[in-house]
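See structure below.
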Amino acid sequence: MTPARCHLRLVAVDCDGVLLDDTYLAVIERFVLRHGGRYDERAERDIVGLRDTVVADRVARLCGLDQPVEATLSALWSERQRYLQEYPIRMADHVVAFLTGLRTLGVRVVCYGGRTREHTFDRYLGHLAGLFDAEHPYVSVNEHRPGVAWVVRDVVGCGFDEAVFVDDVSRVAWAARRLGCGFIGLPGSAAHRRQRRFMVEAGVRHIVDSLDQITPALLARIDEELVGSCHWRTA
Numbered sequence: 001m002t003p004a005r006c007h008l009r010l011v012a013v014d015c016d017g018v019l020l021d022d023t024y025l026a027v028i029e030r031f032v033l034r035h036g037g038r039y040d041e042r043a044e045r046d047i048v049g050l051r052d053t054v055v056a057d058r059v060a061r062l063c064g065l066d067q068p069v070e071a072t073l074s075a076l077w078s079e080r081q082r083y084l085q086e087y088p089i090r091m092a093d094h095v096v097a098f099l100t101g102l103r104t105l106g107v108r109v110v111c112y113g114g115r116t117r118e119h120t121f122d123r124y125l126g127h128l129a130g131l132f133d134a135e136h137p138y139v140s141v142n143e144h145r146p147g148v149a150w151v152v153r154d155v156v157g158c159g160f161d162e163a164v165f166v167d168d169v170s171r172v173a174w175a176a177r178r179l180g181c182g183f184i185g186l187p188g189s190a191a192h193r194r195q196r197r198f199m200v201e202a203g204v205r206h207i208v209d210s211l212d213q214i215t216p217a218l219l220a221r222i223d224e225e226l227v228g229s230c231h232w233r234t235a
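Mapping the sequence shown onto UniProt numbering, position 188 (from 1) lands on 188, and the numbers just tick up by one.
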C-alpha cells in the first residue's frame, strides 16, 4: 500500500497494553481478588475500558467497599505501584519497526491512553515522539472513553472509515464497529485471556499476537475492507 493508494488517514494505537506492557487488566483483577470480590467474565465486561472514576465505582461495588470513589482510585493506584515492583513497565517488542513502517504509508499515527501524556507517553515513549503525529503524538481519552469517536472526529478530523484502531480491549472494538472504523486486536498477555474471545464475539476480523504482525500488507487489506464495507465479521 503506497500513500497514493491509501484510503486510510489515521492509525490510532493504544499505549498501555499495545506499545507498553499491560498493567490495567492485571491490576484490576489482582485488586478485586485481594479485596474479596469475584473477578469473572461478567465483571471484566462491566469494568474494563471506562473512565477511571466509573471503574473505581464499579470495582468498589464488586468488592463491597463502602467508601468514596477517590479512596478506591487511591487504593487502585497503590495496587498498581505494588504490581510494578514485580513487573516493571517495558516497551513492547517491535515498536520501533512498527512505527517506522507506518510512516511510509502517509498516515497520521496517534498514541492514546487513559493517563496524561507526561505520565505515560513522555516517560516511556518520548524518545520516539518523532515517529508519531506532529500535532497530536499522544492524547488522553480518560474523559472520552472509549475515545474512538473523539479521537477521529475531534482530535484528527477524518472520516470514521479512514481510521484504524489498534487496542487490547474489546470495548474499543465494539465502539469502532458501531462507528465504522477499522480495528486490529492485540490481546497479548495472560491477563487478556477473555479479551481475545470478546473480540471474536464483536466480529473482529484481525487479531494479532505482536506488533510485527501488523504489516503494510495487512493494513492494505484493511484499507480495502473499509472501502468495501466488509471489514467486520457477522457478530
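The C-beta atom is built at its ideal place from N, Cα and C for all residues, glycine as well.
Reduced DSSP category for residue i - H, G, I as helix; E, B as strand; rest coil
| i | result |
| --- | --- |
| residue 69 | helix |
| residue 230 | coil |
| residue 1 | Since pLDDT at residue 1 reaches only 45, below the 50 mark, its modelled position is unreliable, and the value read off the structure follows with that caveat. Reduced to three states, the DSSP call for residue 1 is coil. |
| residue 183 | strand |
Distance, residue j Cα to residue i Cα
| i | j | result |
| --- | --- | --- |
| residue 53 | residue 109 | 28 Å |
| residue 225 | residue 231 | 5 Å |
| residue 209 | residue 182 | 17 Å |
| residue 304 | residue 137 | This structure cannot settle anything about residue 304, because the visible part of the chain is limited to 1 through 235. |
| residue 217 | residue 63 | 46 Å |
| residue 184 | residue 91 | 19 Å |
| residue 2 | residue 96 | Caution applies to residue 2, whose pLDDT of 46 falls short of 50 and renders its modelled position unreliable; the model cannot decide the point. |
| residue 107 | residue 34 | 44 Å |
| residue 126 | residue 151 | 20 Å |
Residue burial classification, residue i (beta-carbon count within 10 angstroms, cutoff 16)
| i | result |
| --- | --- |
| residue 79 | buried |
| residue 36 | exposed |
| residue 68 | exposed |
| residue 192 | buried |
| residue 120 | buried |
| residue 113 | buried |
| residue 102 | buried |
| residue 170 | buried |
Expected contact under 8 Å - CB spacing of residue i and residue j to nearest Å
| i | j | result |
| --- | --- | --- |
| residue 8 | residue 179 | Actually they are not in contact, since the Cβ atoms of residue 8 and residue 179 sit about 15 Å apart, beyond 8 Å. |
| residue 94 | residue 211 | 4 Å |
heavy atom of the ligand MN below 7 Å from residue i C-beta
| i | result |
| --- | --- |
| residue 158 | The ligand MN is absent from the structure shown, which contains no ligand whatsoever. |
Sufficient close CB pairs (3 or more, under 8 Å) joining the stretch 191 to 208 to the stretch 79 to 96: Pairwise C-beta distances place the stretch 191 to 208 out of contact with the stretch 79 to 96, as fewer than three of them are shorter than 8 Å.
Flag this pair as touching only if the stretch 7 to 24 and the stretch 157 to 176 have three or more C-beta atom pairs under 8 Å; answer yes or no. Touching, yes.
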